[in-house]
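A.B. asks: For any residue, its number in this note's numbering is found by taking its place in the sequence shown, counting from 1, and adding 16. Just so it is clear, CB atoms sit at the ideal spot from N, CA and C, and this is done for glycine as well. Once you've had a glance at the structure underneath, I'll fire off some questions.
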Amino acid sequence: MLSTVKTLSLIAAGLLSAQTFAWGDMPLQETKNLTLDAASLSALKVEAGSGFLHITGSDSDEVTVKAEIYQEKPHDEYCLNLEAKGNNAALSAGQCDYHTNKQTRIDLTVAIPRSFNVDVHDGSG
Numbered sequence: 017m018l019s020t021v022k023t024l025s026l027i028a029a030g031l032l033s034a035q036t037f038a039w040g041d042m043p044l045q046e047t048k049n050l051t052l053d054a055a056s057l058s059a060l061k062v063e064a065g066s067g068f069l070h071i072t073g074s075d076s077d078e079v080t081v082k083a084e085i086y087q088e089k090p091h092d093e094y095c096l097n098l099e100a101k102g103n104n105a106a107l108s109a110g111q112c113d114y115h116t117n118k119q120t121r122i123d124l125t126v127a128i129p130r131s132f133n134v135d136v137h138d139g140s141g
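Quick look at the structure:
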């Protein structure tokens with residue numbers, strides 16, 4: 017049993033390392049900063065594609081997003097949006113069209129008010 021767990025752990029680590037190296041081949045093309053007044057909002061809803069997502073609570077009354085966009089060659093065929101929808105801040109990031117060969121990875125660093133609830137849908141697997 018222990019041997020099986022060790023073997024599966026090593027396989028998983030290898031697969032994750034291979035994915036990291038594959039994504040690492042794409043250079044950083046652009047960094048965008050988004051800001052939204054959150055004084056009348058109570059939650060953050062995230063729809064994210066490929067890339068990491070790091071969310072921290074802050075003492076601010078704003079939602080701030082640093083988006084680092086990685087691509088083989090620069091293009092605009094990706095979606096990145098931060099807007100108020102009702103009582104929520106809605107953040108969407110990723111490829112708009114999954115039937116394209118123009119890959120995009122967006123690494124997101126997000127700061128939200130500490131009182132916020134968070135709902136994350138990560139479509140990258």
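1. Once the 5 residues before and after Arg121 are set aside, which same chain residues still bring their CB inside 7 Å of it?
2. In the DSSP assignment, find the unbroken beta strand (DSSP E) run with Gln45 in it and report its ends.
3. Could you tell me if Val126 is buried or exposed, where buried requires 16 or more neighbouring beta carbons within 10 angstroms of its beta carbon?
4. In terms of residue numbering, what span does the beta strand (DSSP E) encompassing His137 cover?
5. Go through its chain and collect everything with a Cβ distance to Cys146's Cβ below 8 Å, but skip five positions before and after it.
6. Short check: CB of Ala105 to CB of Ala54, under 8 Å?
7. Given a cut-off of 8 Å, decide if Ala59 and Asp135 are closer than it, judged by their beta-carbon atoms.
8. Measuring straight from C-alpha to C-alpha, what distance separates Lys48 and Leu69?
9. Return yes when the Cβ of Ser74 is within less than 8 Å of the Cβ of Pro129, no when it is not.
10. In angstroms with no decimal places, state the Cα-to-Cα distance between Phe37 and Asn133.
11. Rounded to a whole number of angstroms, what is the C-alpha to C-alpha distance between Ala100 and Val79?
12. Which same chain residues, not among the five before or five after Asn103, have their C-beta less than 7 Å away from its C-beta?
13. Hey, quick one: how far does the beta strand (DSSP E) through Gly73 stretch, first residue to last?
C.D. replies: Inspection of the coordinates gives the following:
1. Taking the sequence shown and counting its residues from 1, one reaches residue 121 at position 105. For Arg121, where only same-chain residues beyond five positions count, the Cβ hits under 7 Å are Trp39, Met42, Ser66, Gly67 and Tyr86.
2. Mapped onto the sequence shown, residue 45 falls at position 29. From DSSP, the beta strand (DSSP E) with Gln45 extends over Leu44 to Asp53.
3. Stepping through the sequence shown from its first residue, residue 126 is reached at position 110. The residue in question, Val126, is buried, as its Cβ has 16 or more Cβ neighbours within 10 Å.
4. Translated into the one-based positions of the sequence shown, residue 137 becomes position 121. Run containing His137: Asn133 to Asp138, per the beta strand (DSSP E) assignment.
5. The displayed coordinates of the chain run from 17 to 141. Any statement about residue 146 would go beyond what the structure contains.
6. Numbered from 1 along the sequence shown, position 89 holds the residue referred to as residue 105. Numbered from 1 along the sequence shown, position 38 holds the residue referred to as residue 54. In contact: Ala105 and Ala54 (Cβ atoms closer than 8 Å).
7. Taking the sequence shown and counting its residues from 1, the one referred to as residue 135 is at position 119. Taking the sequence shown and counting its residues from 1, the one referred to as residue 59 is at position 43. Taking 8 Å as the Cβ cut-off, Asp135 and Ala59 qualify as a contacting pair.
8. In the sequence shown, the residue the question calls residue 48 occupies position 32. In the sequence shown, the residue the question calls residue 69 occupies position 53. Their Cα atoms are separated by approximately 15 Å.
9. Within the sequence shown, numbered from 1, the residue matching residue 129 stands at position 113. Within the sequence shown, numbered from 1, the residue matching residue 74 stands at position 58. It is a contact, given that the beta carbons lie within the stated cut-off.
10. Locating residue 37 in the sequence shown gives position 21, counting from the first residue. Locating residue 133 in the sequence shown gives position 117, counting from the first residue. Since pLDDT at Phe37 reaches only 45, below the 50 mark, its modelled position is unreliable, and no value is offered.
11. In the sequence shown, counting from the first residue as 1, residue 100 sits at position 84. In the sequence shown, counting from the first residue as 1, residue 79 sits at position 63. Each residue's alpha carbon lies about 10 Å from the other.
12. By one-based count along the sequence shown, residue 103 stands at place 87. Result list for Asn103: Leu57, Ser58 and Ala59, in chain order.
13. Position 57 of the sequence shown, counted from the first residue, corresponds to residue 73. Run containing Gly73: Leu69 to Ser74, per the beta strand (DSSP E) assignment.
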